[in-house]
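> Mapping of the sequence shown onto the working numbering: residues 54 to 338, in sequence order.
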Amino acid sequence: TECEKEPGSLLWIFVMVGNIVRGMGETPIMPLGISYLEDFAKTENSPLYLGCLHTATVIGPFLGLLLASFCAELFVDVGSVGADEITITATDARWVGAWWLGILICALLNLLVGIPFWFLPKSLVKEGETKEVEETCEKSVVPLQENDKNETKQTMYEIAKGKLCYFIPFLKALLRNPVYMLFICITVLQFSAFDGMISFMPKYLEQQFGKSASDAIFLIGVYNLPVLCVGYFSGGLFMKKFKINIYQAANIAFWISLLEYLLYFAAYWTVCDTSPVAGLTVSYE
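1) Going by DSSP, which residues form a beta bridge with Y150?
2) Quick check: the Cα distance between I305 and T80, rounded to an integer number of angstroms?
3) Would you say L116 reaches chain D, if we count a Cβ-Cβ gap shorter than 8 Å as a contact?
4) Please report the distance separating the alpha-carbon of Q301 from that of F128.
5) The alpha helix (DSSP H) that contains R229, what's its start and end?
6) Between which two residues does the alpha helix (DSSP H) containing S267 stretch?
7) With H, G and I counted as helix, E and B as strand and the rest as coil, what does DSSP make of V335?
8) Can you check which of these residues, V68, M254, D268, is closest to A350 by C-alpha distance?
9) CB-CB under 8 Å to E342, same chain, minus the five flanking residues each way: which ones, in chain order?
10) With distance defined between alpha-carbon atoms, name the residue in L120, P222, R75, L103 nearest to F271.
11) If V111 and C282 are in contact, beta carbons under 8 Å, what's the gap, nearest whole angstrom?
12) Taking 7 Å as the cut-off, is the CB of E259 close to at least one heavy atom of the ligand FAD?
13) Out of F307, V149, Y285, which has the shortest C-alpha to C-alpha gap to A109?
14) For V70, list the residues DSSP reports as bridge partners.
15) Tell me whether L64 is buried or exposed, calling it buried when 16 or more other Cβ atoms sit within 10 Å of its Cβ.
16) Please state whether the Cβ-Cβ distance between F93 and G274 is less than 8 Å.
17) Looking only at C-alpha atoms, which of Y89, L311, D145 sits nearest to I239?
Written out as structure tokens, the structure is:
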């Protein structure tokens, strides 16, 4: 008998490194984008702009799911294997879609979208102000540039040590802030539920309703993400129109979140019959 060799491909390392680099590039967008809006937008307009920003973050996954649905219809070896040689369909459990095609398309689009960032100015005028404020800001930048030159004369160890001394007390103050920590916990719970739905709902639709991977991904994108876009945008528009303060926004968020969780509990009564799965619900015999 011949020895069976386990697959020893290391291509997964390239995928992992690519995801790490992608995460490094995407992470600063939300914190820097929000701080940018707070610095350069009017107080009454910032909720609307934040709603538009969050809406754009949902439109991206929606388009990504549509792209994934299209790629899942193509065989993984598209271009090297002819259509006549493929003997299985997309609904077959052995079908593997062209998952790598979407990664290449998104990587190219990210590269093209990142080019305009090189042409952004160093400083912008705050919304509603004149260029005179910009001139005063440029004058105030001069001593800051001198401080930067002095920092370059210091060693990297001294710079890192000085910044770390400011960072640790600031981090302790944030961790002791109950409002901030409560918001972090709520955000983690919401994203964990959303990620769980995105991860496991396609397989549930495939097993329970006999849908292909392409159809399941398409249905999730169509039924869930457009509603989120409407919610983000309408929430920002509502806060701008009625000038909602922080306390009122917290109350509105609490009652809407409570209503959302009550509606989720109603899903326990919408249970379908479990499909027979060999080895799980029925025996192989």
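All C-beta atoms, glycine included, are put in the ideal place defined by N, C-alpha and C.
With the structure as the only source:
1) What sits at residue 150 in the sequence shown is Gly, not Tyr. When beta bridges are read from the DSSP output, G150 appears opposite F128.
2) Looking at the two C-alpha atoms, the distance is approximately 28 Å.
3) Absent here is chain D; the protein component of the structure consists of one chain.
4) 52 Å
5) Looking at the DSSP string, R229 is not in any alpha helix (DSSP H), and its letter there is neither H nor E.
6) 266-295
7) strand
8) As shown, the chain starts at 54 and ends at 338. That puts residue 350 outside it, with no answer to give.
9) Because the chain is modelled from 54 through 338, residue 342 falls outside the range shown and cannot be assessed.
10) L120
11) 5 Å
12) Inclusion of the ligand FAD in the displayed structure is not the case, the ligand content being empty and no account of it being possible.
13) Y285
14) According to DSSP, which records beta bridges pairwise, V70 is partnered with nothing at all.
15) exposed
16) In this structure, F93 sits away from G274, with a CB-CB distance that is not shorter than 8 Å.
17) L311
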